[in-house]
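First residue of the sequence shown: 21, per this note's numbering; consecutive thereafter.
Ideal Cβ positions, reconstructed from N, Cα and C, are used throughout, including at glycine.
Because the structure is a prediction, the values reported are computed rather than measured.
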Amino acid sequence: MSDYLVIVESPAKAKTIGKYLGKKYAVKASMGHVIDLPKSQMGVDVEEGFTPKYITIRGKGPILKDLKAAAKKAKRVYLAADPDREGEAIAWHLAHSLNIDEKSECRVVFNEITKQAIKDSFKRPRTINMNLVDAQQARRVLDRLVGYNISPLLWKKVKKGLSAGRVQSVAVKMIIDREKEINAFEPEEYWSIDAKFEKDGEAFEAKFISKDGEKLSLKSENDVKEVLKALSGESFQIEKVKKRERKRNPVVPFTTSSLQQEAARKLNFRAKKTMMLAQQLYEGIDIGKLGTVGLITYMRTDSTRLSETAKAEAKTYIESHYGKEYVNQQEAKTKQKSNSQDAHEAIRPTSVDLDPKSVKSYLSRDQLRLYKLIWERMVASQMAPAILDTMSVDLVNNGVAFRATGSKLKFAGFMKVYIEGNDDGKKEEDRLLPEMSEGEQAKAEAIDPNQHFTQPPPRYTEARLVKTMEELGIGRPSTYAPTLDTIQRRGYVALEDKRFIPTELGEIVLELIEEFFPEILNVTFTAKMENDLDSIEDGEEEWVKVIDEFYSDFERRLKTAEEEMKEVEIKDEPAGEDCEKCGHEMVYKMGRFGKFMACSNFPDCRNTKAIVKDIGVKCPECKEGNVVERKSKKRRIFYGCDRYPECEFISWDKPIARKCPKCEHMLVEKKTKKGIHVQCSKCDYREDQN
Numbered sequence: 021m022s023d024y025l026v027i028v029e030s031p032a033k034a035k036t037i038g039k040y041l042g043k044k045y046a047v048k049a050s051m052g053h054v055i056d057l058p059k060s061q062m063g064v065d066v067e068e069g070f071t072p073k074y075i076t077i078r079g080k081g082p083i084l085k086d087l088k089a090a091a092k093k094a095k096r097v098y099l100a101a102d103p104d105r106e107g108e109a110i111a112w113h114l115a116h117s118l119n120i121d122e123k124s125e126c127r128v129v130f131n132e133i134t135k136q137a138i139k140d141s142f143k144r145p146r147t148i149n150m151n152l153v154d155a156q157q158a159r160r161v162l163d164r165l166v167g168y169n170i171s172p173l174l175w176k177k178v179k180k181g182l183s184a185g186r187v188q189s190v191a192v193k194m195i196i197d198r199e200k201e202i203n204a205f206e207p208e209e210y211w212s213i214d215a216k217f218e219k220d221g222e223a224f225e226a227k228f229i230s231k232d233g234e235k236l237s238l239k240s241e242n243d244v245k246e247v248l249k250a251l252s253g254e255s256f257q258i259e260k261v262k263k264r265e266r267k268r269n270p271v272v273p274f275t276t277s278s279l280q281q282e283a284a285r286k287l288n289f290r291a292k293k294t295m296m297l298a299q300q301l302y303e304g305i306d307i308g309k310l311g312t313v314g315l316i317t318y319m320r321t322d323s324t325r326l327s328e329t330a331k332a333e334a335k336t337y338i339e340s341h342y343g344k345e346y347v348n349q350q351e352a353k354t355k356q357k358s359n360s361q362d363a364h365e366a367i368r369p370t371s372v373d374l375d376p377k378s379v380k381s382y383l384s385r386d387q388l389r390l391y392k393l394i395w396e397r398m399v400a401s402q403m404a405p406a407i408l409d410t411m412s413v414d415l416v417n418n419g420v421a422f423r424a425t426g427s428k429l430k431f432a433g434f435m436k437v438y439i440e441g442n443d444d445g446k447k448e449e450d451r452l453l454p455e456m457s458e459g460e461q462a463k464a465e466a467i468d469p470n471q472h473f474t475q476p477p478p479r480y481t482e483a484r485l486v487k488t489m490e491e492l493g494i495g496r497p498s499t500y501a502p503t504l505d506t507i508q509r510r511g512y513v514a515l516e517d518k519r520f521i522p523t524e525l526g527e528i529v530l531e532l533i534e535e536f537f538p539e540i541l542n543v544t545f546t547a548k549m550e551n552d553l554d555s556i557e558d559g560e561e562e563w564v565k566v567i568d569e570f571y572s573d574f575e576r577r578l579k580t581a582e583e584e585m586k587e588v589e590i591k592d593e594p595a596g597e598d599c600e601k602c603g604h605e606m607v608y609k610m611g612r613f614g615k616f617m618a619c620s621n622f623p624d625c626r627n628t629k630a631i632v633k634d635i636g637v638k639c640p641e642c643k644e645g646n647v648v649e650r651k652s653k654k655r656r657i658f659y660g661c662d663r664y665p666e667c668e669f670i671s672w673d674k675p676i677a678r679k680c681p682k683c684e685h686m687l688v689e690k691k692t693k694k695g696i697h698v699q700c701s702k703c704d705y706r707e708d709q710n
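As structure tokens, then:
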């Protein structure tokens, strides 16, 4: 029989920790929360100081019974849930359920699941931090007061199954506001002039910058003509050559937000998937002879701080693998944001020596890709700055000036290991210029005017929305992924080409909330509420007082909404075709996975069809059907034959109405980070499109 009982949330975590602690310790999993507010009712007694009414979660009775039996036999019980508010709340609920004194030193926390970290944490157990518990309890009660009061209203006035929440409503508003900006946008014309030059047999490019020493804004074709009219011949004088050395400092290690953003850019991962994989890496992976090892530190953090031990280990690794010159000799400054809790270190590998290559065979493809990202980012953060040689050249002809810029990587520094992604997906490349001196001549091979129009702001990707939410102080590391998941499941927004678009339902719900509960959608108010929760965690505010201040005004608005909110009928949009089963009109409906067609004779007829779009290409397999655009359950676009299931042709790349000139097989449009190009589906034929 074991002397001590340790309770964690998951079986994977239990398995890893159990191997480190030995036979005297029994490690069991609570499978997350065992106690929570009931789903069937609000579960908050407003009259009694917002007292939560906790119950055992349905289905968790046997787990709790097993834990109680094990606790009775143990000399001592340790509660080792995750080191955050949620984990503290789980520990508190377990303490009450198992009759453990919450003031006893029963709580064990660790930022990484490694042998040394686990053993150290058990040497210094602490009491349950009630400030953390109260902060979590305040968030839970606050969300219940909002959700369980507004949601029934929406059910009554709009349709069943709707919900409203503090953070999710603001996220939907951001997406809708962006769509309004796009729709109201009026493009403005502007022009640029690009030139191709040649000097000593080497070609390079330059852009128009000024005329007669004045910077000109080229707003029309006439402005361009005025510039071109001033040119005299093809010879340009090299008037100014500026060379300098530029340093580029390494990136900081990952926070939850920056990890989600970079995983979206580089790996095409959704926020939910990133956090799921990070949880697996944190809880432990079986690494052969080393056994089960937690590969990364805790993944819910807003800090870029690293421990001194981690920094020293990284610098030793860098020196031995890349050379002393690659070690950053200066202490990297990691400025924390004003709203950062800084409760944990940045996300980092628990051991730099466990590089991606050494653990490759033990990880799934996606686990490896995410681990590699985290490992490279942390190592790069401790490396020397990159040094670039930059060159700027001004070329002048009769007062018309063009500028050519070039850069060459002189010393890779941290860029040898890692280069941060960007939202447009473009990679940095050397732009080399030929050697030039002031007073020399260069010949213009071609001068090309180009018409442009200003573009509206882009729709939010998951990464861009998370970044903006973080900048505005909306939500915290643990809430970003669930928020994005919720607003899609409710049908308020949809993802199209990896960008959020609002649905009609989302716009209707937002309009009602905006009219009757404007503070819920106020970014400043929502950010202040997050700061208030942080103050509760720091022991500076009482949670009941914070909730009471919010509820007094909210209750008044709720009564007004119940009396004045009008019912909204969402009419089904005709799909323009009849049901092949009963002859009634088909209509568009909004479901969990976006729009679909359904028979208007529901429930008598339950015929439904996916929405497909004919792309004007004959099926290359059966030669009879047409290729149509479809969407998978995960809303990923694919292409298939409209004669399915008779013909099972499918392609993730968009087929085009031309055959490969080399082998006569199907040509497809291939999307890459550099743009779109056409290539053969079988041979190596390829042609650039943009």
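Item checked: Buried or exposed (CB count within 10 angstroms, at least 16 for buried), T147 -> For the purposes of this step, residue 147 is taken as the residue at position 127 of the sequence shown. Per the 10 Å Cβ criterion, exposed.
Item checked: Terminal residues of the beta strand (DSSP E) in which V413 lies -> As a position in the sequence shown, residue 413 is number 393, starting the count at 1. Residues A406 to N417.
Item checked: Element boundaries [beta strand (DSSP E), containing G660] -> For the purposes of this step, residue 660 is taken as residue 640 along the sequence shown, with counting starting at 1. Counting along the chain, the beta strand (DSSP E) containing G660 begins and ends at I657 to C661.
Note to self: Does P502 come out as helix, strand or coil in the three-state DSSP assignment?
What the structure shows: Residue 502 sits at position 482 when you count from the first residue of the sequence shown. Residue state, collapsed to three classes: helix.
Checklist line | Q361 (DSSP reduced to helix, strand or coil) | finding: Here residue 361 refers to the residue found at position 341 of the sequence shown. At Q361 the pLDDT is 45, less than 50, meaning the model places this residue with poor confidence and gives no usable figure here.
Next item on the list: Indicate the three-state DSSP secondary structure (helix, strand or coil) for A421 in the structure shown.
Entry: As a position in the sequence shown, residue 421 is number 401, starting the count at 1. Strand.
Next item on the list: List the whole-angstrom C-beta distance separating Y659 from I635, where the pair is believed to meet the contact cut-off of C-beta under 8 Å.
Entry: As a first step, residue 659 is located in the sequence shown; it is residue number 639 there, counting from the start. As a first step, residue 635 is located in the sequence shown; it is residue number 615 there, counting from the start. Indeed they touch by this definition, with Cβ atoms about 7 Å apart.
Item checked: CB-CB length for I196 against A184, believed under 8 Å -> Residue numbering aside, residue 196 sits at position 176 when the sequence shown is read from its first letter. Residue numbering aside, residue 184 sits at position 164 when the sequence shown is read from its first letter. Your pair I196 and A184 does not check out as a contact, with CB atoms roughly 14 Å apart and the cut at 8 Å.
Notebook entry, point to check: Start and end of the beta strand (DSSP E) containing N646?
Noted result: In the sequence shown, counting from the first residue as 1, residue 646 sits at position 626. Its beta strand (DSSP E) spans residues N646 to K651.
Next item on the list: Give a yes or no on whether the C-beta atoms belonging to P270 and N149 are separated by under 8 Å.
Entry: The residue labelled residue 270 in the question sits at position 250 within the sequence shown. The residue labelled residue 149 in the question sits at position 129 within the sequence shown. For P270 and N149, no; Cβs fall outside 8 Å.
Next item on the list: Output the distance between the C-alpha atoms of Q699 and K679, rounded to the nearest integer angstrom.
Entry: Taking the first residue of the sequence shown as position 1, residue 699 is located at position 679. Taking the first residue of the sequence shown as position 1, residue 679 is located at position 659. Their backbone Cα atoms lie some 10 Å apart in a straight line.
Checklist line | Three-way DSSP call (helix, strand, coil) for Q402 in this model | finding: As a first step, residue 402 must be located in the sequence shown, where it is residue number 382. It is coil, neither helix nor strand.
Next item on the list: Use the C-beta contact count for R144: other C-beta atoms within 10 angstroms, 16 or more gives buried, fewer gives exposed.
Entry: Position 124 of the sequence shown holds residue 144. Exposed is the call here.
Note to self: Quick check on L453: buried or exposed, where buried means 16 or more other Cβ atoms within 10 Å of its Cβ?
What the structure shows: On the sequence shown, position 433 is the one that residue 453 refers to. With 16 or more other Cβ atoms inside 10 Å of its own Cβ, L453 counts as buried.
Check: Could you give the C-beta distance for A464 and E254, rounded to a whole number, given that I count them as a contact under 8 Å?
Finding: For this step, residue 464 is matched to residue 444 along the sequence shown. For this step, residue 254 is matched to residue 234 along the sequence shown. Indeed they touch by this definition, with Cβ atoms about 5 Å apart.
Checklist line | Cβ shell of Q361 (< 7 Å), same chain only, five flanking positions each side left out | finding: Here residue 361 corresponds to residue number 341 of the sequence shown, with the count starting at 1. The predicted model places Q361 with a pLDDT of 45, which falls under 50 and marks its position as unreliable, so this point remains unresolved.
Item checked: Rounded straight-line distance, which links the Cα of F431 to that of S30 -> Taking the sequence shown and counting its residues from 1, the one referred to as residue 30 is at position 10. Taking the sequence shown and counting its residues from 1, the one referred to as residue 431 is at position 411. So the two alpha carbons sit approximately 46 Å from each other.
Checklist line | Exposure label - L165; buried when at least 16 CB within 10 Å | finding: In the sequence shown, residue 165 corresponds to position 145, counting from 1. Flag for L165 reads buried.
Check: Is L393 near L301, with beta carbons less than 8 Å apart?
Finding: Position 373 of the sequence shown, counted from the start, is the residue given in the question as residue 393. Position 281 of the sequence shown, counted from the start, is the residue given in the question as residue 301. No, they are not a contact pair.
Item checked: Beta-carbon separation (whole angstroms), R320 vs T276, contact threshold 8 Å -> To locate residue 320, count along the sequence shown from 1; it is residue 300. To locate residue 276, count along the sequence shown from 1; it is residue 256. About 5 Å separates the two Cβ atoms, so the contact holds.
Checklist line | Nearest-angstrom Cβ-Cβ length linking E265 and I407, presumed shorter than 8 Å | finding: Locating residue 265 in the sequence shown gives position 245, where the first residue counts as 1. Locating residue 407 in the sequence shown gives position 387, where the first residue counts as 1. 6 Å between Cβ atoms; contact.
Check: Skipping 5 residues on each side, what residues in its chain have a beta carbon closer than 6 Å to that of L152?
Finding: As a first step, residue 152 is located in the sequence shown; it is residue number 132 there, counting from the start. Answer for L152: R105, E108 and E557, listed in chain order.
Notebook entry, point to check: Quick one: is W672 buried, meaning 16 or more other Cβ sit within 10 Å of its Cβ, or exposed?
Noted result: Position 652 of the sequence shown, counted from the first residue, corresponds to residue 672. Label assigned to W672: exposed.
Item checked: Q136: first and last residue of the uninterrupted alpha helix (DSSP H) it sits in -> Working through the sequence shown from its first residue, we reach residue 136 at position 116. Unbroken alpha helix (DSSP H) run through Q136: K135 to K143.
Check: For the candidate residues G311, I305, V399 and K44, whose alpha-carbon lies nearest to that of S340?
Finding: Start at 1 with the first residue of the sequence shown, and residue 340 comes out as number 320. Ranked by how close their Cα comes to the Cα of S340, the residues G311, I305, V399 and K44 have V399 in first place.
Check: Straight-line CA distance for S358 to S401?
Finding: Residue mapping note: residue 358 aligns to position 338 of the sequence shown, counting from 1. Residue mapping note: residue 401 aligns to position 381 of the sequence shown, counting from 1. A caution first: S358 carries a pLDDT of 47, below 50, which makes its placement in the model too unreliable to give a value.
Note to self: According to DSSP, is N470 part of a helix, a strand, or is it coil?
What the structure shows: For the purposes of this step, residue 470 is taken as residue 450 along the sequence shown, with counting starting at 1. Looking at N470 - three-state DSSP - the assignment turns out to be strand.
Notebook entry, point to check: How big is the Cα-Cα spacing for F70 and G63?
Noted result: For the purposes of this step, residue 70 is taken as residue 50 along the sequence shown, with counting starting at 1. For the purposes of this step, residue 63 is taken as residue 43 along the sequence shown, with counting starting at 1. When the Cα atoms are used, F70 and G63 turn out to be separated by approximately 9 Å.
Item checked: Ranges of the beta strand (DSSP E) found wholly within the stretch 526-599, counting only runs of at least 3 -> Contiguous beta strand (DSSP E) elements confined to the stretch 526-599 occur at 593-598, taking only those with 3 or more residues.
Margin query: Helix, strand or coil, according to DSSP, for P172 in the structure here?
Written below: Along the sequence shown, one-based indexing puts residue 172 at 152. Reduced to three states, the DSSP call for P172 is helix.
Notebook entry, point to check: Nearest CA to the CA of E582: which residue from I338, L173 and F274?
Noted result: Taking the first residue of the sequence shown as position 1, residue 582 is located at position 562. Considering only alpha carbons, the answer is L173.
Note to self: Distance check for D592 and C599, CA to CA, integer angstroms please.
What the structure shows: Here residue 599 corresponds to residue number 579 of the sequence shown, with the count starting at 1. Here residue 592 corresponds to residue number 572 of the sequence shown, with the count starting at 1. C-alpha separation (whole angstroms): 15 Å.
Next item on the list: If I'm right that E711 touches F473 with Cβ under 8 Å, what's the distance once you round it to whole angstroms?
Entry: This structure gives no information on residue 711, because the portion of the chain shown stretches from 21 to 710.
Margin query: Can you confirm whether the stretch 116-131 touches the stretch 92-101 when touching is taken to mean that 3 or more C-beta pairs between the two stretches lie within less than 8 Å?
Written below: As far as the Cβ criterion goes, the stretch 92-101 touches the stretch 116-131, which means the pair count is three or higher.
Note to self: I'd like to check one pair, R496 with I202: are the Cβ atoms closer than 8 Å?
What the structure shows: Stepping through the sequence shown from its first residue, residue 202 is reached at position 182. Stepping through the sequence shown from its first residue, residue 496 is reached at position 476. Note that the C-beta distance between I202 and R496 is not below 8 Å.
Margin query: Do V529 and V47 have their beta-carbon atoms positioned less than 8 Å apart in this structure?
Written below: Here residue 47 refers to the residue found at position 27 of the sequence shown. Here residue 529 refers to the residue found at position 509 of the sequence shown. One thing to note: V47 has its Cβ no nearer than 8 Å to the Cβ of V529.
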